[in-house]
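Down below is the structure, laid out as structure tokens.
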Amino acid sequence: MRNKITVVGAGNVGANCAVWAAKKELGDIVLVDISEGVPQGKGLDLLQASPVESFDVTITGANDYAPTANSDVVIITAGFPRKPGMSRDDLLLANYEVVKTATEKAVEVSPKATIIVVTNPLDAMAQVALMVSNFPKNRVIGMAGVLDSARFRTFIAQELNVSVTNVTAVVLGGHGDTMVPLVRLSSVAGIPLTELIPEDRLNAIVDRTRNGGAEIVKYLKTGSAYYAPAASAVEMADSILKDKKKVLPCAAYLEGEYGIDGLYVGVPCKLGSNGIEQIYEIKLTDEETAALHKSAGTVKELVDVIKSKMAA
Ligand SMILES: NC(=O)c1ccc[n+]([C@@H]2O[C@H](COP(=O)([O-])OP(=O)(O)OC[C@H]3O[C@@H](n4cnc5c(N)ncnc54)[C@H](O)[C@@H]3O)[C@@H](O)[C@H]2O)c1
């Protein structure tokens, strides 16, 4: 039996999730969107690339959730992207409604799925999906850290003119300007970054990573990044569906880890067939802990707004 992947939202991120997932033959793919004809058209178009690119999966599109039944993974990308000058947080209430509906409808027909949330503001939307689905916390995961660390790795590789595959980077915290790239634990083929890049340049790279999304929004003017975000979500789906047990930075629901309770925050996680199979607690310096807690504080502000809306 092939795996089944539902991608909710057939916009820029969703459609590219389908492309990466099809290329990797992760399973049959169903694209769902409220926009009539768009998921059907994009699905058919991508399917017609299969003879050229040699992938044997089916790709279909729908405006309802019946065809998504019994999905193994549901990737939620539905929502509105950021416009220039707009913070991820401005998206909060608009995307809350979208993620709530998408989650309710998706889990009704796929009660055993693992949900990967991509919609921004990411950490808060992951929490919405957890609350609405009533799934165990290991099966509701937010995508942010894979993308943030990929950006960090890209900039480090550019700086040193080395292969990106040699660069490992750890990024913790919420998906926003307060994210915490951990320079101390990032390396190039095991060589600490601090031995390779002077402090001022490193600070500039950390800054660019923190603003990696905004840099692209500024160029595009009418939308936000999608190739790397989609590839990142699919890397998570790949590790889950193939039980690879990759250790990836993900937004996970913390219950005491890192001294944070009842919030989604980016931390290193082992992803396998049971979703998040382990959360790794790294020993942090006082400064790093303070930065992580500051970042968690910004997530909490958003979650509090949502909780009061849900209670109303
Ligand atoms: N977590 C991350 O790192 C990350 C990275 C990039 C983008 N994002 C977020 O992903 C989301 C999607 O971005 P995009 O560039 O693909 O936007 P997009 O506008 O290209 O696509 C969004 C799609 O969602 C659809 N949609 C809206 N409401 C829906 C609903 N109720 N049900 C189903 N579909 C619905 C729209 O019709 C549209 O096709 C945004 O919230 C963006 O901020 C997150």
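According to our numbering, the stretch in the sequence shown is residues 36 to 347, in order. C-beta atoms are modelled at their ideal positions from N, C-alpha and C, and glycine is treated no differently. Quantities reported herein were computed from a predicted structural model and do not represent experimental measurements.
Apart from the 5 residues on each side of it in sequence, I295 sits with its Cβ closer than 8 Å to the Cβ of L289, L327, H328 and A331 in its chain, given in chain order.
Of all alpha-carbon atoms in S89, G291, L81 and V65, the one lying nearest the alpha-carbon of N98 is that of V65. Rounded to whole angstroms, L231 and R219 show a C-alpha spacing of 12 Å.
Taking 8 Å as the cut-off, the beta carbon of A137 is found closer than this to the beta carbon of V43. For Q162, the enclosing alpha helix (DSSP H) covers residues L157 to S168. The residue among T112, L298 and R174 with its C-alpha nearest the C-alpha of I311 is R174. Pairing F115 with Y262, the inter-Cα distance amounts to about 16 Å. Counting only residues of its own chain and dropping the five nearest sequence neighbours on each side, G258 has a CB closer than 7 Å to the CB of N47 and P116. DSSP places T213 in the coil class of the three-state scheme, outside both helix and strand.
By the Cβ test, the stretch 147-164 is in contact with the stretch 292-307, since at least three Cβ pairs between them sit closer than 8 Å. CA-CA distance, V87 to L81, rounds to 10 Å.
When DSSP assignments are scanned along the stretch 230-314, the uninterrupted stretches of beta strand (DSSP E) that are 3 or more residues long and fall wholly within it turn out to be 281-290, 296-307 and 310-314.
Within 7 Å of the C-beta of N246 there is not a single heavy atom belonging to ligand 1. Between M271 and R245, the beta carbon gap of about 21 Å keeps them out of contact (Cβ cut-off 8 Å). Taking the Cβ of P102 as the reference point, every heavy atom of ligand 1 lies at 7 Å or farther away. With a 10 Å radius around the Cβ and a threshold of 16 neighbouring Cβ atoms, L61 comes out buried. Collapsing the DSSP output to three states places K135 in a helix. In this structure, the beta-carbon distance from K140 to Y100 falls below 8 Å. In the three-state DSSP reduction, K39 falls in the strand class (E or B). Residues G180, D183, S184, F187, M214, V215, P216, L217, T244, P284 and G301 of the same chain have their beta carbon placed closer than 8 Å to that of V206, with the five preceding and five following residues left out of the count. Spatial neighbours of T320 in its own chain (CB-CB distance under 8 Å, excluding positions within 5 residues in sequence) are listed in chain order as R219. Assignment of S184 by DSSP, reduced to helix, strand and coil, places it in the helix class.
DSSP places A84 outside both helix and strand once states are collapsed to three, so it counts as coil.
Here L228 has I191, V218, S221, S222 and L237 as same chain residues with Cβ atoms under 7 Å from its own Cβ, once five neighbours each way along the sequence are excluded. Rounded to whole angstroms, the gap between the alpha carbons of L127 and T154 is 10 Å. Taking a contact as a CB-CB distance under 8 Å, the pair G96 and Q83 does not count as one, their CB atoms being some 13 Å apart.
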